[in-house]
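Notes follow once the structure below has been shown.
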Amino acid sequence: MANWVRISSRSIGNHIRKRMNQGFIGSAVDINKSSGSSSALHGGRTVCDRNRRYLNSLPWNRATLFWFQRFKSTVAEKQQDSFLSSDTDDDQLSLDFPGGKVSYTSDMNFISESSQTRVPCYRVLDDDGELIKDTDFQQVSKEAAVKMYSKMVNLQIMDTIFYEAQRQGRISFYLTSAGEEAINIASAAALTEQDIILPQYREPGVLLWRGFTLQEFADQCFGNKADYGKGRQMPIHYGSKKHNFFTISSPIATQLPQAAGIAYSLKMDNKKACVVSYIGDGGTSEGDFHAGLNFAAVMEAPVIFFCRNNGWAISTNVWEQFRSDGIVVKGRAYGIRSIRVDGNDALAVYTAVSAAREMAVNEQRPILIEALTYRVGHHSTSDDSTKYRQSDEIVYWKNARNPVNRFRNWVQSNGWWSDQQETQLRSSVRKQLLEAIQVAEKTEKPPLSEMFTDVYDYPPPNLEEQEKHLRETISRHPADYPSDIPV
Amino acid sequence: MFRVKYVFLQFVCLLQEKKEREREMALRNIMGKRVGIGLMGSRALSTATCDVESGSAKSINLYSAINQALHVALETDPRAFVFGEDVSFGGVFRCTTGLADRFGKARVFNTPLCEQGIVGFGIGLAAMGNRAIAEIQFADYIYPAFDQIVNEAAKFRYRSGNQFNCGGLTIRAPYGAVGHGGHYHSQSPEAFFCHVPGIKVVIPRSPRQAKGLLLSCIRDPNPVVFFEPKWLYRLAVEEVPEHDYMLPLSEAEVIRQGSDITLVGWGAQLSIMEQACIEAEKDGISCELIDLKTLIPWDKETVEASVRKTGRVLISHEAPVTGGFGAEISASIVECCFLRLEAPVARVCGLDTPFPLVFEPFYMPTKNKILDAIKATVNY
Numbered sequence: 277m278a279n280w281v282r283i284s285s286r287s288i289g290n291h292i293r294k295r296m297n298q299g300f301i302g303s304a305v306d307i308n309k310s311s312g313s314s315s316a317l318h319g320g321r322t323v324c325d326r327n328r329r330y331l332n333s334l335p336w337n338r339a340t341l342f343w344f345q346r347f348k349s350t351v352a353e354k355q356q357d358s359f360l361s362s363d364t365d366d367d368q369l370s371l372d373f374p375g376g377k378v379s380y381t382s383d384m385n386f387i388s389e390s391s392q393t394r395v396p397c398y399r400v401l402d403d404d405g406e407l408i409k410d411t412d413f414q415q416v417s418k419e420a421a422v423k424m425y426s427k428m429v430n431l432q433i434m435d436t437i438f439y440e441a442q443r444q445g446r447i448s449f450y451l452t453s454a455g456e457e458a459i460n461i462a463s464a465a466a467l468t469e470q471d472i473i474l475p476q477y478r479e480p481g482v483l484l485w486r487g488f489t490l491q492e493f494a495d496q497c498f499g500n501k502a503d504y505g506k507g508r509q510m511p512i513h514y515g516s517k518k519h520n521f522f523t524i525s526s527p528i529a530t531q532l533p534q535a536a537g538i539a540y541s542l543k544m545d546n547k548k549a550c551v552v553s554y555i556g557d558g559g560t561s562e563g564d565f566h567a568g569l570n571f572a573a574v575m576e577a578p579v580i581f582f583c584r585n586n587g588w589a590i591s592t593n594v595w596e597q598f599r600s601d602g603i604v605v606k607g608r609a610y611g612i613r614s615i616r617v618d619g620n621d622a623l624a625v626y627t628a629v630s631a632a633r634e635m636a637v638n639e640q641r642p643i644l645i646e647a648l649t650y651r652v653g654h655h656s657t658s659d660d661s662t663k664y665r666q667s668d669e670i671v672y673w674k675n676a677r678n679p680v681n682r683f684r685n686w687v688q689s690n691g692w693w694s695d696q697q698e699t700q701l702r703s704s705v706r707k708q709l710l711e712a713i714q715v716a717e718k719t720e721k722p723p724l725s726e727m728f729t730d731v732y733d734y735p736p737p738n739l740e741e742q743e744k745h746l747r748e749t750i751s752r753h754p755a756d757y758p759s760d761i762p763v
Numbered sequence: 370m371f372r373v374k375y376v377f378l379q380f381v382c383l384l385q386e387k388k389e390r391e392r393e394m395a396l397r398n399i400m401g402k403r404v405g406i407g408l409m410g411s412r413a414l415s416t417a418t419c420d421v422e423s424g425s426a427k428s429i430n431l432y433s434a435i436n437q438a439l440h441v442a443l444e445t446d447p448r449a450f451v452f453g454e455d456v457s458f459g460g461v462f463r464c465t466t467g468l469a470d471r472f473g474k475a476r477v478f479n480t481p482l483c484e485q486g487i488v489g490f491g492i493g494l495a496a497m498g499n500r501a502i503a504e505i506q507f508a509d510y511i512y513p514a515f516d517q518i519v520n521e522a523a524k525f526r527y528r529s530g531n532q533f534n535c536g537g538l539t540i541r542a543p544y545g546a547v548g549h550g551g552h553y554h555s556q557s558p559e560a561f562f563c564h565v566p567g568i569k570v571v572i573p574r575s576p577r578q579a580k581g582l583l584l585s586c587i588r589d590p591n592p593v594v595f596f597e598p599k600w601l602y603r604l605a606v607e608e609v610p611e612h613d614y615m616l617p618l619s620e621a622e623v624i625r626q627g628s629d630i631t632l633v634g635w636g637a638q639l640s641i642m643e644q645a646c647i648e649a650e651k652d653g654i655s656c657e658l659i660d661l662k663t664l665i666p667w668d669k670e671t672v673e674a675s676v677r678k679t680g681r682v683l684i685s686h687e688a689p690v691t692g693g694f695g696a697e698i699s700a701s702i703v704e705c706c707f708l709r710l711e712a713p714v715a716r717v718c719g720l721d722t723p724f725p726l727v728f729e730p731f732y733m734p735t736k737n738k739i740l741d742a743i744k745a746t747v748n749y
C-alpha cells in the first residue's frame, strides 16, 4: 500500500498556504529582477494575513470585522510600505503613487510574457490510480469514496444513454461531460449543501451528487410538466433551487459576475458558505470572466472560480484561445489566489476544492482553480469533433487517461470496491435511466398557459391579450400546433 | 341543465371574487407594512401603491428627489444596496449623496469600472433576495451590460420555471440631451430595452414623479431599468412629499386634458410638449397630454381611451425616430383605433443620426416642430 498521509482540511489549507509562500504553488513565475528592485513577490502571505491577525485580536464581532475589512485596501498600503521598506535599504529607492509604494529601478526590464516553466499541476494519483509517494491530500472515507465513484459511474452512463436518446430523436439536444467526471463529482463532494453553484453547462455531476434524480434529469431533457423549468429551455439547462444549483443559461461566462454578487450576499448574511462557479477554457476569454474575477476580488467575495480547461471550445483549441500559461496565471492579475490541478484526478480535485472552500469562507476571498482535463466527447450532439481533431487523440484520453478508471483503481486497491459491484452498479443505473426516459417520454408536456407565466411576476395586459388571441388561432388551426401540449 | 349552468357561473364568480379579495388583502398587508417598517423582505406587488398623501413637502430638484428615494429605500429595507461607479462620494450627479455615510460602505459602495460587472453583480445580489440598486453612470454606457440585462436579468425567472428570480434589481441611468453632451452623454436608449420581455422600463418626468416611481421600481418584483432625464436633475424643481410614497407602474397619466389631439411622451420631452400644447391652445387647439411613465409594459388602455376621444395622436421622443418607441405606440394605436383616427399618427422625434454636438438644436424635437405637427395633424 502506498504511503499516504492523513491530513485534516484545516491543516491542508495551511499547508498549501505555506508551500505557496515558499514558492511552490503560484510563484514559479520568473521575473526579470534588477538589482535595485525589492523582491515583492516572495510569498502571498503578506498584508492580508497580517491584517487578519491584527483584526482578530480586536474585540469586534464578525459584522464589524467585515466593516474593517472593507477598509483593508488603505491599511494594506501602509502595511505594504513597512513590508517593502524592510527589504529596501534606502528610502530614496521607493516611489509613492496611488495604489501604494513601489520601488524603482534604473534598469529597463520587461517582465517576460511567460515564465521559464509552466505552473505545475497538483496531483495525488498517478495515471494508474496509485497514490504518488509523499503527496499531501485530503483523506476520503470509504463511504465517501464509494459514493464518489458511484456517482462518477452514474454520470458516465447517464451521458451515454441520453446521448443515444438524442441520436434516436427522442430528445432534441444533449451534451456530455465525458472525461470530466472527476471534476464534476469530486468538486461537488468537497462542498456543503449550503454552497451555491453557478454552473456553465458541463457540470451535471454536481447536481447528481446533490441528489437530483435521474428522473428529474430526464424530465428536463424531455421538457415535460415535471420539468422545474416548465419546458422553456433546451435539454441540459437544469436548475434546482432545493439543491442550490442556479439554472443554466447558454450564454458563456455570464454566471461569473453573478457569482460575485451572490457571494457578496452570503458575506453580508455572515453565512458559512461560498459560491462555486464553473467555466471552461473558452469562457475565460469572455469579458464577463474579467468582470467576475475583478469584482470578486474587490468585493472580497467568497467565490471559487473553477475553470475546466479541457483543451477545446467547440473546435477552438487553447492555442487559439489565449497565449498565457493557461488560466491559473490570470488569477494573480486580479489579486486572486490560484491553483492548477489535475482535473482527471478525483483526489486532487477534492483536496484542492476543500482547501479553496476553507480559504474562501474563512478569509472571505475568491479563489481560482484551473483543472486541466480533456473533453472526450464532442462539444454536443450538434458537433462531430473528428472534423477538427484526431480520432486517436480522443481514444487516448478516453482510455489511457480516463478519470473514472483511475479513481476506480484507487478505490479498489483500498478494498472498497469490486468487479461484481461494478457490474451491479452499471446495470442498475442503466435500468433506472431507461425507465426514467420512458416515464419522461410519456409524461404530459406543460400546459400552454405556462408559456405566458413567469415573464413577469404577474402577466401584464399585453400578454393576456396575446394568449387570448393565440387560443382563438389554435381553435381555428389546430393542425398547426403540436398535439402533446395541453391547450 | 340551466340550473347546473347557473350554479357553475355562481361558482366561477365566487372564485373570481375570492381571487380579487386575496389580492386586495395582499395589497392591504403590504400597505400596512409599508408604514414604519416598510417592505422589509416582502416583495411588493407591482400594483401596490398609495396616493401621494398630503403631508409636508419641500421644493427640491430631480437629483434630490432621487436621493430621497434612495435614502427611503435603504432605510426601509436593510437588504437594499446601492452600487456603481463613483456612487460612494455622492455620484457624478449627486444622486447618491449621503448614502454611504448613513448606511455604511458595505451597503453603498463603488464598483470597478465595468458595466457588465455592475449588472451581473446586481443580478446575483438580487437573486439572493436583496434589493440591488445599480447605477450606470450614463445611459450611453449601458451597452456592455446589454447581454446581462437581456439574456440574464430578463429571463432569470422564466427560464428557471420561477425557482429563481432577480426581481430586486433596479438599474438607474441618466439619459437624454443636456445641451452639450454630444454622442456619448445624451443618448436615449430606451427603445432597445422596450423590446425585451421580462424587464420593465420606467422614465419619470419630474422630481415628485421620480421619487414615487423609483421607489415603486425598487420594490417591484421584476428587474427594472429606470432612466432619469439628466437635463432635469437641477432644472426641474417641484414640491416633493418628504415621506415614503410610491406611484404605480404601467399606469399612464393624463397630465393635461384636451379634446382635439392626444400627445404621448415621457421624461424631459413632456415639458417641451406641454409648451407646444399651451401655444396650440392659443390657436384654439385643445391638446390632451399623456405621460406614459412606464414604457414596458405600457398602459395601452389609457392612450387608447384618449385617442378614441380626440381621434388624433402625436408621439414625441428624443431618441431617433426610426425604430424608436414611438413606432410601437403608433402601430398599436393604428391597430386598435384605425377607424377612429382622423389623421395619420404623427411622430416628432430625434433624427436618425448619432447625437450631434453643435447640431443638437437641429436634431432635437423642439416645441415648434411639435406645434407644426399638431397643426398639420389637426388640419389633415
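Chains A and B, in that order, are what the protein sequence lines are. Just remember that the numbering used here sits 276 ahead of the position in the first sequence, which is counted from 1. Just remember that the numbering used here sits 369 ahead of the position in the second sequence, which is counted from 1. Note that beta-carbon positions come from the ideal geometry of N, C-alpha and C, so glycine has one too. Remember, it's a predicted structure, so these values are computed and weren't measured experimentally.
Proximity below 8 Å, CB of residue i to CB of residue j
| i | j | result |
| --- | --- | --- |
| Val-606(B) | Pro-576(B) | yes |
| Arg-651(A) | Asn-593(A) | no |
| Thr-691(B) | Asp-652(B) | no |
| Leu-601(B) | Leu-632(B) | no |
| Tyr-527(B) | Asp-503(A) | no |
| His-513(A) | Leu-483(A) | no |
| Pro-723(B) | His-552(B) | yes |
| Pro-722(A) | Lys-409(A) | no |
C-alpha gap between residue i and residue j, whole angstroms
| i | j | result |
| --- | --- | --- |
| Gln-556(B) | Gly-636(B) | 13 Å |
| Val-552(A) | Ala-536(A) | 10 Å |
| Ile-429(B) | Asn-436(B) | 10 Å |
| Ala-464(A) | Trp-673(A) | 23 Å |
| Ala-609(A) | Asn-681(A) | 36 Å |
| Ile-702(B) | Phe-561(B) | 20 Å |
| Ala-696(B) | Met-428(A) | 55 Å |
| Ser-667(A) | Asp-495(A) | 33 Å |
| Trp-686(A) | Gly-405(A) | 5 Å |
| Ala-542(B) | Gly-459(B) | 15 Å |
| Cys-586(B) | Ser-704(A) | 52 Å |
| Leu-708(B) | Ala-438(B) | 44 Å |
| Leu-431(A) | Ala-421(A) | 15 Å |
| Gly-401(B) | Met-615(B) | In this predicted model, Gly-401(B) has a pLDDT of only 33, less than 50, meaning its place in the structure is not dependable; the value taken from the coordinates is given anyway. So the two alpha carbons sit approximately 14 Å from each other. |
For residue j and residue i, believed in contact at Cβ under 8 Å, the rounded distance
| i | j | result |
| --- | --- | --- |
| Ala-622(A) | Ala-462(A) | 4 Å |
| Ile-630(B) | Arg-677(B) | Contact doesn't hold; Cβ gap of about 13 Å is too wide. |
| Arg-616(A) | Tyr-398(A) | 7 Å |
| Tyr-544(B) | Pro-592(B) | The pair is not a contact, with the Cβ atoms about 17 Å apart (cut-off 8 Å). |
| Phe-522(A) | Ile-473(A) | 7 Å |
| Pro-762(A) | Glu-717(A) | At roughly 16 Å, the Cβ-Cβ gap does not stay under 8 Å, so Pro-762(A) and Glu-717(A) are not in contact. |
| Leu-740(B) | Ala-649(B) | 6 Å |
| Arg-446(A) | Glu-469(A) | That belief does not hold up - the Cβ atoms of Arg-446(A) and Glu-469(A) are roughly 32 Å apart, past 8 Å. |
Cross-strand partners of residue i (DSSP beta bridge)
| i | result |
| --- | --- |
| Cys-718(B) | His-686(B) |
| Val-579(A) | Val-551(A) |
| Val-623(B) | Ile-659(B) |
| Gly-428(B) | The sequence given here has Ser at residue 428(B), not Gly. Answer is Glu-608(B). |
| Gly-556(A) | Arg-584(A) |
| Phe-521(A) | Ile-473(A) and Ser-516(A) |
| Val-347(B) | What the structure shows of chain B is the stretch from 370 to 749, and residue 347(B) is not part of that stretch, so it cannot be assessed. |
| Ser-370(A) | Ser-379(A) |
| Arg-541(B) | Glu-504(B) and Phe-595(B) |
Does the segment 453-468 of chain A come within contact of the segment 525-543 of chain A, defined as at least 3 CB pairs closer than 8 Å? no
Does the segment 624-634 of chain B come close enough to the segment 657-671 of chain B that 3 or more CB-CB pairs lie under 8 Å? yes
Should the segment 722-735 of chain B be called in touch with the segment 536-554 of chain B, which here means at least 3 C-beta pairs below 8 Å? yes
Assess contact between the segment 477-496 of chain B and the segment 491-510 of chain A, defined as three or more Cβ pairs (one per stretch) separated by less than 8 Å. Is contact present? no
Would the segment 476-490 of chain A count as touching the segment 480-492 of chain B if we require 3 or more Cβ pairs under 8 Å? no
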